[in-house]
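**Q** Protein chains in written order, with our numbering: chain A, 4 to 773; chain B, 5 to 165.
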Amino acid sequence: MTASSPYIGRSVKRLEDRRFLTGTGRYIDDVKLPDMAVMAIYRSPHAHARIRSIDLSAAKALPGVIDAFCASDITMALPLIPLRLAPFKGFERFLQQPIARDKVRYVGEPVAVVIASDRYIAEDALDLIEVDFDPLPAVTSVDQAASGETLIHEDAGENMGTRYTVGRGDADEAFRNAPYTRRERFTTNRHGAVPMETRGMIAEFDPDTPLLRLHGATKVNFFNRRHLAAAFDLPEDAVELIETDVGGGFGARGELYPEDYLVPIASRRVRRPVKWTEDRRENLTATNHSRDIVCDLEIAATDDGRILGMRATVQGDMGAYVRTNGGVVASKAAQFLPGPYRVPSFSCDVQFLITNKTPVGTFRGPGRFEANFCRERLLDMVAADLNIDPAELRLRNLMEPAELPFRIGELVPGDVNATFDRGNYPSALNRMLDEVGYADWKDRQGEIIDGRAHGLGIACFIESSAAGPPETARIAVAPDGSIEIRTGASSVGQGTETGLAQICADYLVVDIDRIHVLHGSTTLVPSGGGTFHSRNTVMAGNAVRKAAEALRARSIELAALRWNTDAAGLEYRDGAVHRGDGGESVLSLTELAAFARSRGPDEALAADAAFDNEGKLSYSYGAHAALVAVDIATGVVEVKKYVLTEEIGRALNPAMVQGQAVGGLVQGLGGTFLDHMVYDQDGQLLTGSFADYLLPTSTELPEITAIALEESPSEFNPMGFKGAGEGGIVAVAAAVGNAVVHALNAHGIQINDLPITPDRLRAALRAAGA
Amino acid sequence: MTEKHSLTLTVNGQTRRCEVEPRMTLADCLREKLDLTGTHLGCEHGVCGACTVIVDGAAIRSCLMFAVQAAGTEITTVEGLADGDELSVLQQAFHDNFALQCGFCTPGFLTTAETILKENPSPTRAEVQSAISGNICRCTGYVPIIDAILEAADRRRKGEK
Chain A
4 MTASSPYIGR SVKRLEDRRF LTGTGRYIDD VKLPDMAVMA IYRSPHAHAR IRSIDLSAAK
64 ALPGVIDAFC ASDITMALPL IPLRLAPFKG FERFLQQPIA RDKVRYVGEP VAVVIASDRY
124 IAEDALDLIE VDFDPLPAVT SVDQAASGET LIHEDAGENM GTRYTVGRGD ADEAFRNAPY
184 TRRERFTTNR HGAVPMETRG MIAEFDPDTP LLRLHGATKV NFFNRRHLAA AFDLPEDAVE
244 LIETDVGGGF GARGELYPED YLVPIASRRV RRPVKWTEDR RENLTATNHS RDIVCDLEIA
304 ATDDGRILGM RATVQGDMGA YVRTNGGVVA SKAAQFLPGP YRVPSFSCDV QFLITNKTPV
364 GTFRGPGRFE ANFCRERLLD MVAADLNIDP AELRLRNLME PAELPFRIGE LVPGDVNATF
424 DRGNYPSALN RMLDEVGYAD WKDRQGEIID GRAHGLGIAC FIESSAAGPP ETARIAVAPD
484 GSIEIRTGAS SVGQGTETGL AQICADYLVV DIDRIHVLHG STTLVPSGGG TFHSRNTVMA
544 GNAVRKAAEA LRARSIELAA LRWNTDAAGL EYRDGAVHRG DGGESVLSLT ELAAFARSRG
604 PDEALAADAA FDNEGKLSYS YGAHAALVAV DIATGVVEVK KYVLTEEIGR ALNPAMVQGQ
664 AVGGLVQGLG GTFLDHMVYD QDGQLLTGSF ADYLLPTSTE LPEITAIALE ESPSEFNPMG
724 FKGAGEGGIV AVAAAVGNAV VHALNAHGIQ INDLPITPDR LRAALRAAGA
Chain B
5 MTEKHSLTLT VNGQTRRCEV EPRMTLADCL REKLDLTGTH LGCEHGVCGA CTVIVDGAAI
65 RSCLMFAVQA AGTEITTVEG LADGDELSVL QQAFHDNFAL QCGFCTPGFL TTAETILKEN
125 PSPTRAEVQS AISGNICRCT GYVPIIDAIL EAADRRRKGE K
């Protein structure tokens, strides 16, 4: 890399944009294959019921219908959707098969499939399917699940997916001797990722070749390929997962779902390509939900607010089955409850409860958003109880740089080495306090301005990034001079192509316009780790860096052959190999690529690399502040100003980093005020459309300042990157919740439950006599 | 309901003919019959705005209009916004301001913004915020989209096309 580094660190315009701006992107529903049929899914209208009988005859008789099937028509052994992350013992009893056989356990569970010549006919046919259900009582809360009165999976004998206790130090001892303790119950409500593009896929399954090609894949394609190959009893190389453009992921898109099996089964049955496109109503019941946690959190402290210990019970509502990463939410909530603070003792009872709702998975900042809300709300209560300024309380308890790195202990079973890397947490908080003008606001909490009560809330966070298996990259130069990057990482719309091209351009010292990036598909590279946990820039970015370094070496090797000289005298600079000190002889990458090609079909100017984090995660951290105005009469909260700092080590592309922070923050405002999956006592989802399930819109925006700090580069990769995808969202409910409480300090209102809605706030104010 | 009607539309300046069932939405007609897949479906019930197209000058949710209702109209989709290889001022402003990430909602924002700027060439920030409040974006947090629309308005007032 040259010292000037013309691309890394600059807000390079995105390479992806042109196709998206001109309507020429290729999202999965844009793909049409010859002779393609479409399928639609009959989903359970009941939360919990036995299936007595299914009659597909009328559906099959409808003109245009090619086939219809239910579980009993499938001859292969029905596979179980595997666990990918947080595969705790006990979960194996609650895995989902792709289609219900005898019993349905949530509204939206697949029961039957129709394959037709077009979508309209397929949906007509769904109306002709007759299923005789025998409804059972629905389990719709963790308390009801814990009682075990109604069993959802009878064979398991309980509704407890699993349960464990983690901790460090002796929390009980700390509490026995503590001068101050407080215990509160918090809930973070069920909501989800809800990307703008719903899921979809096209399967081409030729059982004779055999070849299963699945278009529309993303996120963790190599993991998914391995499991799909096993499910269909195919060698892995007989399964190809092809990535298209993806309209947002946020954790939910690209995990294995029932449809990843049903669409291939449909294609194999009719021996045609079959497309399935999720509609929004399906999306809200079929795609993973998240965030659904009840947390009893207890804190012990000295009289001057120094934390002595925390004890907690986290109950995660898992929905009806444990899906690929369903265990992440509650387990990470428990792990991140102590946060960036000095918490000498901690103990947490973590429970994963099965209910008759849509299964859960991850949503951006899984467990962190939840943990931060609970802890930061409680810290503000501590501050009030002990009459300490909330910022001062945090500064007293934040770990200092000298205390880092810090081994946090085995707070997730098996995760024995988890270690917060170096950083300066107080610095990130202080920067935010300066930026938001905290000194001016702290004595004005509750002030009435223009009839509304104002309050400023703050919160700190820490968040892990760049976990998981190694990532791969291959860089090849074509004889026309174009440079192609291939990687096993996926793009879910975050600008991965641009970021990787920036790195490649700097390390090869070439113009970025020569580079294009192919990603995700299993046909591009032999293996890949995928895209989750804010890992692309760190993992794929460093794989690209290593591949570029290897390509420089390969260039010199080829130039030595071309010049019939010793490689030792050659130098790579400015995108070419130079001979001699004067640099009079030069071979460009283009010339070397042509030379390589001339040597034979197996020769190329190309290099492969993989980057392994060796289990070392980088932790981004920072602080949020929200200034709110609350209308006492209506309970409506306006977030007027929002400031966040996030230490990300080094910004690859500051504008894209800003986009992650602002986008995450606004998503977080949704999770704080709007997004809410509401179920009734029968397990019916009452928020099954965008008329009922509310998302943030452009009218709800505060004035936003998002500051990416680059004070503490990651020690674990030479470019210094930490993940930057989730710091914007993780502390929003925490900061806003605290702000609302401060605004309403005259009324003694506490916010322990999300979402914060006008009716809930009004009810609390009414109860307080306001 | 399944009897086909022949339909003539003007889409992006070209006369297009197709056979559609009366129940087919304009969005499905554009995507399935005319292969104009730049118009995206985010909710199919008129809330998210991703499928917005310009019909006789007005921003219309193409998931809420039947194709047969569009007979004889002039329609502009996202594919019709650029001038050949040259991005429009609005598209360029989106690019320059990082006003898109996954790009799925972008066509609806562009078509909506085109009609906003036609009706009101000098909108205030609040007017832009209000005018795009019927379009949902999950990636950007809207801020750069508003910046881009305001910048496009400014550039257009200065004579850029």
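A virtual CB, placed ideally from N, CA and C, is assigned to each residue, including glycine. Fair warning: this is a prediction, and the values are worked out from it, not measured in the lab.
Strictly below 9 Å CB to CB, what residues from chain A border residue 126/B?
**A** Residues of chain A passing the Cβ test: none, with the nearest at roughly 19 Å.
**Q** List, from N- to C-terminal side, the beta strand (DSSP E) runs of 3 residues or more that fit wholly inside the region 255-319 of chain A.
**A** 277-280 and 296-304
**Q** Shortest alpha-carbon distance to residue 565/A belongs to which of 608/A, 553/A and 550/A?
**A** 608/A
**Q** Residue ranges of each alpha helix (DSSP H) run of no fewer than 4 residues wholly in the region 519-601 of chain A, ordered along the chain?
**A** 544-566 and 592-601
**Q** Using a threshold of 7 Å, is the CB atom of residue 631/A nearer than that to any non-hydrogen atom of the ligand FAD?
**A** This structure simply doesn't include the ligand FAD, nor any ligand for that matter.
**Q** Smallest Cα separation from residue 272/A: which of 723/A, 207/A and 296/A?
**A** From the listed residues 723/A, 207/A and 296/A, the smallest Cα separation to residue 272/A is found for 207/A.
**Q** Counting pairs of beta carbons, one from the region 178-196 of chain A and one from the region 285-304 of chain A, are three or more of them closer than 8 Å?
**A** yes
**Q** Could you tell me whether any Cβ in chain B is nearer than 8 Å to the Cβ of residue 670/A?
**A** yes
**Q** Which runs of the beta strand (DSSP E) spanning at least 3 residues fall entirely within the region 25-107 of chain B, listed in chain order?
**A** 56-59, 62-65 and 78-80
**Q** Name the two residues that bound the continuous alpha helix (DSSP H) containing residue 745/A.
**A** 735-746
**Q** Could you tell me the alpha carbon to alpha carbon distance between residue 746/A and residue 662/A, rounded to whole angstroms?
**A** 29 Å
**Q** Quick check: is the beta carbon of residue 154/B nearer than 8 Å to any beta carbon in chain A?
**A** no
**Q** Checking 8 Å against the spacing of the C-beta atoms, do residue 41/B and residue 33/A come in under that value?
**A** yes
**Q** Using a Cβ-Cβ cutoff of 8 Å, what residues of the region 97-110 of chain B are near chain A? List them in chain order.
**A** Only those residues of the region 97-110 of chain B whose C-beta falls short of 8 Å from the nearest C-beta of chain A are listed: 98, 99, 100, 102, 104, 105, 106, 107, 108, 109 and 110.
**Q** Using the Cα positions of residue 214/A and residue 143/A, report the straight-line distance between them to the nearest angstrom.
**A** Residue 214/A and residue 143/A: Cα-Cα distance of roughly 42 Å.
**Q** Tell me the rounded alpha-carbon separation between residue 362/A and residue 464/A.
**A** When rounded, the distance between both Cα atoms is 27 Å.
**Q** What whole-angstrom Cβ distance do residue 149/B and residue 199/A have, given they're in contact under 8 Å?
**A** Wrong, their Cβ atoms sit about 13 Å apart, outside the cutoff.
**Q** At which residues does the alpha helix (DSSP H) containing residue 430/A begin and terminate?
**A** 428-439
**Q** Please report the distance separating the alpha-carbon of residue 357/A from that of residue 97/A.
**A** So the two alpha carbons sit approximately 8 Å from each other.
**Q** I'd like the ranges of any alpha helix (DSSP H) spanning at least 4 consecutive residues and lying wholly in the region 607-656 of chain A.
**A** Here no run is fully enclosed.
**Q** Please determine, among 657/A, 176/A, 619/A and 722/A, the residue with the shortest C-alpha to C-alpha distance to residue 728/A.
**A** Looking at the Cα atoms, 657/A is the closest of the given residues.
**Q** Mind checking the region 22-36 of chain A against chain B and listing, in chain order, the residues whose C-beta falls within less than 9 Å of any C-beta there?
**A** 22, 23, 24, 25, 26, 27, 28, 29, 30, 32, 33, 34 and 35
**Q** Beta carbon of residue 466/A, beta carbon of residue 733/A: below 8 Å?
**A** yes
**Q** CA-CA distance, residue 725/A and residue 712/A?
**A** Taking the straight line from one Cα to the other gives about 11 Å.
**Q** Within this structure, are the beta carbons of residue 632/A and residue 371/A separated by less than 8 Å?
**A** no
**Q** So which residues of chain D does residue 42/B contact, with C-beta pairs closer than 8 Å?
**A** Reference to chain D is not applicable here, since the protein chains of this structure are A and B.
**Q** Evaluate residue 95/B with the Cβ neighbour count: other Cβ atoms within 10 Å of its Cβ, from every protein chain shown; 16 or more gives buried, anything less gives exposed.
**A** buried
**Q** Could you tell me which residues DSSP puts in a beta bridge with residue 354/A?
**A** 166/A and 318/A
**Q** Rounding to the nearest angstrom, what Cα-Cα distance links residue 506/A and residue 408/A in this structure?
**A** 28 Å
**Q** Is there a C-beta anywhere in chain B that falls below 8 Å from the one on residue 700/A?
**A** yes
**Q** Between which two residues does the alpha helix (DSSP H) harbouring residue 761/A extend?
**A** Counting along the chain, the alpha helix (DSSP H) containing residue 761/A begins and ends at 761-770.
**Q** Leaving out the 5 sequence neighbours to the left and right, which residues in its chain are closer than 8 Å to residue 384/A when beta-carbon positions are compared?
**A** Sequence-distant partners of residue 384/A (beyond 5 residues in either direction) whose C-beta falls short of 8 Å from its own C-beta, in its chain, are 185, 187 and 753.
**Q** In the region 340-422 of chain A, which residue ranges form an unbroken alpha helix (DSSP H) of at least 4 residues, counting only runs that do not cross its ends?
**A** Here the runs fully enclosed are 371-389 and 393-400.
**Q** What are the start and end residues of each continuous beta strand (DSSP E) run of 3 or more residues lying completely inside the region 197-234 of chain A, in chain order?
**A** 203-209 and 214-220
**Q** Any beta carbon from chain B within less than 8 Å of residue 6/A's own beta carbon?
**A** For residue 6/A, the predicted model reports a pLDDT of 42, less than 50, meaning its position is unreliable; a value from the coordinates is still stated below. Not one chain B Cβ lies under 8 Å of residue 6/A.
**Q** Taking the alpha-carbon of residue 92/B as reference, which of 131/B, 50/B, 160/B and 67/B has the nearest alpha-carbon?
**A** Nearest to residue 92/B by alpha-carbon distance, out of 131/B, 50/B, 160/B and 67/B, is 160/B.
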